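Asker:
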Ligand code: CDT
């Protein structure tokens with residue numbers, strides 16, 4: 003059976019604060035056109051692709067809400083949906099979602115826009131990093147825990163375009179639980195948008211480790227769940243904060259198939275033969291044959307680590 007898809011990661015350079023949605027969507031449209039010209043059938047955009055990474059700022063409720071979408075598509079994002087339908091290209095789009103309520107909620111969300119121009123899947127970020135309160139003595143805040151609610155849709159996998167597609171967002175990729183939950187649903191293409199600071203302000207972490215850990219977790223996740231992984235970043239210097247690049251497409255073997263070369267808007271592509279996921283799923287990581295869940299109870303029963311008694 004021939005099940006293959008040409009996938010693109012559409013990396014974006016910085017979106018400075020105050021940039022209009024119209025300007026940003028115009029950039030996205032250009033990236034989508036580039037992806038189409040390279041025969042892509044699926045395009046993955048970054049986390050919070052419509053705005054700057056606003057949790058780096060201390061903001062009022064009204065300012066936070068102004069960075070969120072209350073409807074999807076809305077007038078400014080409709081062209082992305084039209085592009086998906088006209089060109090029969092599936093698109094992962096990350097954005098901030100506001101539900102006015104009551105109760106009011108905000109989520110760090112990604113949707114998959116199907117080839118019919120309709121929302122095929124939605125995911126709301128589960129592992130929110132950073133803090134709920136501003137921290138002192140840091141050059142930039144990371145206030146996702148205060149600005150967003152924890153996602154309430156689990157880690158979905160859906161059959162879209164004859165592929166088992168899973169979604170996660172940025173920090174989720176560092177948690178093996180994310181990918182194992184996707185793996186247990188036979189994920190074949192795991193999609194992840196990110197905004198990752200190039201510097202850890204809470205310790206003396208050498209800066210090269212940011213890229214090392216990014217690739218380490220994606221390659222391990224792909225191998226251990228025998229799935230393709232497509233990870234797309236927002237990069238460059240955004241409001242004075244440098245973000246790592248390194249958008250990539252990883253094979254089910256854990257090998258990197260494509261890696262971005264620049265710090266700005268850039269499209270990378272790879273041909274993904276979904277049948278290649280079967281080998282790992284049927285041999286080394288044949289979950290039905292080898293998993294021993296009775297020995298994994300602590301993973302769901304305990305949140306924080308404790309010393310042995
Ligand atoms: N956007 C996002 O999730 N960033 C995190 C950094 C968290 S450090 C406070 C990441 O995992 O890259």
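In my numbering, the protein residues as written are 3 to 311.
By construction, the Cβ of each residue, glycine as well, lies at the ideal position given by its N, Cα and C atoms.
For clarity, every value in this text was computed on a predicted model and none was experimentally measured.
1. For the segment 105-118 against the segment 146-161, are there 3 or more C-beta pairs whose distance is under 8 angstroms?
2. Starting from residue 216, trace the alpha helix (DSSP H) in both directions and tell me its first and last residue.
3. Roughly how many whole angstroms lie between the Cα atoms of residue 311 and residue 295?
4. Taking only the alpha-carbon atoms, compute the straight-line gap between residue 1 and residue 132 and give it to the nearest angstrom.
5. For residue 301, count the other beta carbons within 10 Å of its own beta carbon; 16 or more makes it buried, fewer makes it exposed. Which is it?
6. Quick one: Cα of residue 274 to Cα of residue 248, how far?
7. Comparing C-alpha positions only, which one of 306, 38 and 198 sits nearest to residue 234?
8. Starting from the N-terminal side, write out each stretch of the beta strand (DSSP E) that is 3 residues or longer and does not extend beyond the segment 233-300.
9. Are the beta-carbon atoms of residue 189 and residue 206 separated by less than 8 angstroms?
10. Flag this pair as touching only if the segment 275-284 and the segment 16-36 have three or more C-beta atom pairs under 8 angstroms; answer yes or no.
11. Are the CB atoms of residue 100 and residue 195 within a distance shorter than 8 angstroms?
12. Would DSSP call residue 87 helix, strand or coil?
13. State the Cα-Cα distance for the pair residue 113 and residue 303, rounded to the nearest angstrom.
14. Would you check if the distance between the CB atom of residue 203 and the CB atom of residue 252 is smaller than 8 angstroms?
15. Pick out every residue whose C-beta is nearer than 5 angstroms to a heavy atom of the ligand CDT: which are they, in chain order?
16. Looking at C-beta atoms only, is the number of pairs between the segment 165-181 and the segment 60-70 that lie closer than 8 angstroms three or more?
17. Distance check for residue 221 and residue 257, CA to CA, integer angstroms please.
18. How many Å lie between residue 68 and residue 82 at the Cα?
19. Output the boundary residues of the alpha helix (DSSP H) element that contains residue 149.
20. Given a cut-off of 8 angstroms, decide if residue 236 and residue 16 are closer than it, judged by their beta-carbon atoms.
21. Under a Cβ-count criterion, where at least 16 other Cβ atoms within 10 Å of its own Cβ denotes burial, should residue 64 be classed as buried or exposed?
22. Is residue 203 close to chain B, meaning its C-beta is less than 8 angstroms from at least one C-beta of that chain?
Answerer: Reading it off the structure:
1. yes
2. 210-227
3. 23 angstroms
4. Absent from the model: residue 1. The displayed extent of the chain is 3 to 311, so no value can be given.
5. exposed
6. 19 angstroms
7. 198
8. 238-240, 243-245, 250-252, 258-261 and 268-275
9. Residue 189 is not a Cβ neighbour of residue 206, given a cutoff of 8 angstroms.
10. no
11. no
12. Note: residue 87 maps to helix in three-state DSSP.
13. 30 angstroms
14. no
15. 131, 132, 144, 172, 173, 197 and 198
16. By the Cβ rule, the segment 165-181 does not count as touching the segment 60-70, because fewer than three pairs are nearer than 8 angstroms.
17. Between residue 257 and residue 221, the C-alpha separation is close to 7 angstroms.
18. 20 angstroms
19. 146-149
20. Yes, Cβ-Cβ distance for residue 16 and residue 236 is below 8 angstroms.
21. exposed
22. Here chain B cannot be found, since the structure has a single protein chain.
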